[in-house]
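What follows is a set of notes on a single structure, which appears directly below.
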RNA sequence: GGUCCCUUCGUCUAGAGGCCCAGGACACCACCCUCUCAAGGUGGAGACACGGGUUCGAAUCCCGUAGGGACCA
C-alpha cells in the first residue's frame, strides 16, 4: 500500500491541509503502508524552495514522518525539470495515438464567446468539442497560421462510476465530462494530467484528499484508463473544513496556518488529537487519544461525510489538557522560549520552579507571559489592582512587609502562615487580606497561588514592592 | 445553468428500524471546592432542516422540497 499526501505549494499548511496530512499518515501507518510526501507543483507563481521547506517543517513539528519524498509533481519552480515536461508531452502523444487526445486550436477569446452563447441558450458551459473532428486540411491550416495549440482529452462519452472509500460510489454522467485540456499551449500539464501521471508513476494505491477534488476524480480516472493503467488508485474524499462563518477554511480566515498555532503556544499533540476528531470519531465518548491509539483505531469507515466547522475553543481546551499532562522539564524549556519571544527576559531555573503552579492555568503556552511576567520585570499594577491597593492603605503593606521579612525560612508554607497571620492581625478574611498583597506583588488581581508566587519572587523583591506600596 | 457531495444541541459528534420523548465533548448557566484565576466535582439548559411515504414501530429506509458546499467555465 502506497499512500500519497500532496499539498499545494502555498508555503504553509493550513489546518485543513494538516488534517489531510494527518489522515493520510494515520491511514498509512495503520495499515503498515508507505507514506509519500509529494508537493503538488502546478502553480507557476508560488512554487519555491521555501514552500517545500515550510511544509516539511510543519509535518516534522506535528511528527508526521514520511517514507518517500518530498517528491515534486508538476513542472514548475525551482523544481522545473525539462525531462518531466518531456514525460507529460510523450504521454499526451501516446494518448493522441490512442485517439484519447487531440490538439485544440481554439483561442481563449473564442472559447469565452462560445461559453457565453451556450449560457445564453441555457446550455451548460464547457468545451463543445469543436476541434475534435478537425479534418487534416483544417488542422494544417491552423498550423500554417501558427496558432498555438493545447491538447484536450477526448472524453469517451459514457457514464463513469468512481468508488470512494468514504462516500461510496458516485456516478458521473457522460454529459458532465467535457473534453478537458491536459497539456497547455506552453507545454505544461494541467493538474489533471500531472496528478494522474504522477500517481501512476509513483504507484500510488490510495489517495486521501479534500472533497473539493471529488468531481475531478472521474477525469483523472479516465486519463489513467486511457493510458491502460492496471491499477487505478483508490480515492477517499475528506469532508471540507469550514470557518466559523461556514465558508470553507481559507487564507481569509486569517490565523489558520499551523505555523500560527505553533507560535501561539499550541502543542502538536493537541493539534493532532483535535484534528483527528474533526471528521472522524472512534466511539460515542472517547475524545483523548495518544498517537499510538490514533494509529491503532483510525478507520476510514468512521470518517464523516459532512463538513466540519473548526472550533478554536475546543482546540484550546484540549491544548490545556495536554499542557497539564506535559512533563515539567520540556514544558519549562518551551515556556522559557515563549517568554523570550515575548520580550520577557526569564531564567530557566525560575521557570522550572514555576511550571507546576502555572501549567494547570494555561490554555496556550503564550498565557505564561501574563502569568509569570511579574517574576522577571518590575510591575505596574493594572486598574483593578490599583483600586485594591488604594483601598487597603499603606499600613496593610507595611505589616505584610514586616511579617515577611521576619520569616526565618523562605518557603511557600512559611509565607502562607505569615499571610494568615496578617489576615488575623487585620481582622480580615483571607481573601480580603491577600488580594491587596497579590496586587502589589504581581501587579494583578489574578495570578498563580500567592504564597508560591511570593516564594518564587524572592524575599528581597517582595519586600521591596510591599515597602514601596507602604510609602 | 449542469453534475456531484452534504444536512442530529451554538460547535465537534454517537446513532447503520425498536436499547433514543436521542448519548458524549467543547462552549454556556448554577452550585460545590477555594487566597485570585484556573483545574476538579455535581447539576442544568440545548438538536434529529421540512413535507410525504414504507413499517406494528423511523434520527435511522424511499421519494420530494428547502438550504449549504464543491466542481465544471
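In this note's numbering, the protein residues as written are 3 to 473. All C-beta atoms, glycine included, are put in the ideal place defined by N, C-alpha and C.
Item	Value
Around the Cβ of residue 216, are there at least 16 other Cβ atoms within 10 angstroms (buried) or fewer (exposed)?	buried
Tell me whether residue 222 is buried or exposed, calling it buried when 16 or more other Cβ atoms sit within 10 Å of its Cβ.	buried
Please tell me whether residue 184 and residue 103 are closer than 8 Å, where the distance is taken between their beta carbons.	yes
Are the beta-carbon atoms of residue 87 and residue 173 separated by less than 8 Å?	no
From what residue to what residue does the alpha helix (DSSP H) around residue 225 run?	219 to 228
Any heavy atom of the ligand MG within a distance shorter than 7 Å of the CB on residue 396?	Ligands are entirely absent from the displayed structure, and the ligand MG is therefore not among its contents.
Under the three-state reduction of DSSP, which class applies to residue 56: helix, strand or coil?	helix
May I ask you to report which of helix, strand or coil DSSP gives residue 4?	strand
Given residue 324, which residues of its chain have a CB within under 8 Å of its CB, disregarding the five upstream and five downstream residues?	269, 271, 272, 275
Taking the DSSP output, what are the residues bridged to residue 166?	237
Since residue 235 and residue 192 are thought to touch, with beta carbons under 8 Å apart, how far apart are those beta carbons, to the nearest angstrom?	Not confirmed; about 18 Å, so no contact.
Would you report the Cα separation of residue 203 and residue 162, rounded to the nearest angstrom?	23 Å
Residue ranges of each alpha helix (DSSP H) run of no fewer than 4 residues wholly in the segment 230 to 310, ordered along the chain?	260 to 265, 270 to 279, 293 to 299
For residue 2 versus residue 378, is the C-beta spacing smaller than 8 Å?	Because the chain spans 3 through 473 in this model, residue 2 falls outside it and cannot be assessed.
Would the beta-carbon of residue 21 fall within 8 Å of that of residue 73?	no
What are the boundary residues of the beta strand (DSSP E) that residue 324 is part of?	No beta strand (DSSP E) contains residue 324, which is instead part of the alpha helix (DSSP H) from 314 to 327.
Taking a contact to mean a Cβ-Cβ separation below 8 Å, would you say residue 311 touches residue 244 in this structure?	yes
Can you tell me where the beta strand (DSSP E) with residue 153 in it begins and where it stops?	152 to 155
Quick one: give me the first and last residue of the beta strand (DSSP E) that residue 172 is part of.	172 to 174
Quick one: Cα of residue 467 to Cα of residue 343, how far?	26 Å
Let me check understanding here. Comparing Cα to Cα, which of 205, 17, 98 lies closest to residue 37?	205
Taking the alpha carbon of residue 390 as the point to measure from, which residue in 237, 406, 58, 433 has its own alpha carbon closest?	433
Quick one: is residue 18 buried, meaning 16 or more other Cβ sit within 10 Å of its Cβ, or exposed?	buried
Would you mind sorting residue 495 into buried or exposed? The rule is 16 or more other CB atoms within 10 Å of its CB.	No statement about residue 495 is possible, as the shown extent of the chain runs from 3 to 473 and does not include it.
Could you tell me which of 92, 9, 94 sits nearest to residue 54, measuring between CA atoms?	9
Which residues does DSSP list as the beta-bridge partners of residue 70?	38
Is it the case that the Cβ atoms of residue 350 and residue 360 are separated by a distance below 8 Å?	no
Taking a contact to mean a Cβ-Cβ separation below 8 Å, would you say residue 167 touches residue 182 in this structure?	no
How far does the alpha helix (DSSP H) with residue 353 in it reach, from first residue to last?	350 to 360
Closer than 8 Å is the cut-off here; do at least three beta carbon pairs connect the segment 296 to 311 with the segment 323 to 337?	no
Based on the DSSP secondary-structure assignment, which residues constitute the bridge partners of residue 103?	155
Which stretch, first to last residue, makes up the beta strand (DSSP E) that contains residue 212?	208 to 212
Compute the beta-carbon to beta-carbon distance between residue 317 and residue 336, rounded to the nearest angstrom, for a pair I have assumed lies under 8 Å.	Residue 317 to residue 336, Cβ: 17 Å. No contact.
Give me, in chain order, the residues of the same chain whose beta-carbon lies closer than 7 Å to that of residue 228; leave out the 5 immediate sequence neighbours on both sides.	97, 100, 102
Quick one: grab the DSSP three-state call for residue 18.	helix
Could you tell me the alpha carbon to alpha carbon distance between residue 75 and residue 370, rounded to whole angstroms?	43 Å
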